[in-house]
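Residue numbers (this note's numbering): -13 to 161.
In this text, a Cβ means the ideal position worked out from N, Cα and C, and glycines have one as well.
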Amino acid sequence: MTISMDSSLYRAAQEGNLNALRETMELIGTTKLTPKKNTLLHVVAQCNNSGECALVILGKNESLLYEVNSDGENALHIATRNGKMNVGKPMMEIAERLDGELEAGGEALKKLLTWKNGNGDTALHEAIKNNQPDMVCLLIQKDPEIANIANNALETPHFLEVGSIPGGQNRVLYW
């Protein structure tokens, strides 16, 4: 059973209101979901570009990095699609820190970057499809190998990048 997200908690995340977000999270926690099964982190990734909000939420519940919505998307998919660098970057930094805390062979960042949504798209697919060059560069910098992961349509990010966008314009190549 899904526990619905409180409207004041949703509004605080949507608006990037740090004080209200902290207060409301203290009262009702971070595990509530929207009807589309978005977490607080998904809401921040969609609605505002506050890295501080992302850090506050993840400070309370790091497992939200890997929670997926009804489309199979983690919050990084949404942040990259919407060009929310200030939200996506702290998510990746926390995953890197988790790698450092795990015993040898930590895979927290790799799991975040290689997660596929319902269409088989990674966050890099989303960044390329939505023309988010800064996010593309950041993702490739974190792990160049993700450019070779195919989605359900057998398209790799590299393939998408050398393709064309509607109107016949060529995309800017990132590698």
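Tell whether a beta-carbon distance below 8 Å holds between residue i and residue j.
{"i": "Gly69", "j": "Asn103", "result": "no"}
{"i": "Leu26", "j": "Leu62", "result": "no"}
{"i": "Asn72", "j": "Ser36", "result": "yes"}
{"i": "Ala113", "j": "Leu125", "result": "yes"}
{"i": "Met78", "j": "Lys128", "result": "yes"}
Starting from the C-beta of residue i, find all residues in its chain whose C-beta is less than 7 Å away, skip the five residues before and the five after it, and write them out in chain order.
{"i": "Asn134", "result": "Thr142 and His144"}
{"i": "Val54", "result": "Asn60"}
{"i": "Ile80", "result": "Leu44, Glu48 and Leu51"}
{"i": "Glu82", "result": "Leu95"}
{"i": "Glu38", "result": "Leu4"}
Per DSSP, which residues does residue i bridge with? Please list them.
{"i": "Leu19", "result": "Ser(-10)"}
Please work out which residues of its chain come closer than 6 Å, Cβ to Cβ, to residue i, disregarding the five sequence neighbours upstream and downstream, and give them in chain order.
{"i": "Asn116", "result": "Arg67"}
{"i": "Cys33", "result": "Gln0"}
Return the CA-CA distance between residue i and residue j, expressed in angstroms with no decimal places.
{"i": "Ala31", "j": "Gly74", "result": "8 Å"}
{"i": "Asp167", "j": "Gly106", "result": "Missing from the structure shown is residue 167; the chain here goes from -13 to 161 and no further."}
{"i": "Ser(-7)", "j": "Asn138", "result": "35 Å"}
>> To test your reading of the DSSP string, which unbroken beta strand (DSSP E) runs of 3 or more residues are found completely within the region 22 to 66?
In response: Every candidate beta strand (DSSP E) stretch fails here, since none sits fully inside the region 22 to 66 while reaching 3 residues.
>> Give the list of continuous beta strand (DSSP E) stretches no shorter than 3 residues that lie fully inside the region 108 to 142.
In response: Runs of the beta strand (DSSP E) inside the region 108 to 142: none found.
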